């Protein structure tokens, strides 16, 4: 998988907020480590957390005690 693949995943996630994020922009984010998506997030509602924060929180939820090591050396695609 290449950068274009991960960017397209982030764009698709951003579209999930098209009805709830108004008048905000539609933003999605994927966090990738070792060519695998480990976290996902999108801007869900106007005034809410950014897509990047939601993606980080997704990693925290999935990997609980070792989320910092998962995030270390990862890439964000927004």
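Residue numbers (our numbering): -1 to 76.
Glycine included, each C-beta is placed from N, C-alpha and C at the ideal position.
A quick note: this is a predicted structure, and the numbers were derived from the prediction, not measured.
Residue i versus residue j: straight-line alpha-carbon distance, rounded
i          : j          : result
residue 52 : residue 41 : 8 Å
residue 32 : residue 15 : 28 Å
Residue of the options minimising C-alpha distance to residue i
i          : options       : result
residue 79 : 62, 56, 12    : Because residue 79 is not part of the residues shown, which for the chain are -1 to 76, the question remains open.
residue 25 : 1, 67, 13, 33 : 13
residue 8  : 38, 44, 19, 0 : 38
residue 48 : 0, 32, 17, 76 : 76
Heavy atom of the ligand GDP within 7 Å of residue i beta-carbon
i          : result
residue 75 : This structure lacks the ligand GDP, and indeed carries no ligand of any kind.
Residue i vs residue j beta-carbon contact at 8 Å
i          : j          : result
residue 74 : residue 50 : yes
residue 4  : residue 30 : yes
residue 69 : residue 54 : yes
Unbroken stretches of the alpha helix (DSSP H), 4 residues or longer, contained in the segment 9 to 61: Counting whole runs of 4 or more residues, the segment 9 to 61 contains the alpha helix (DSSP H) stretches 49 to 61.
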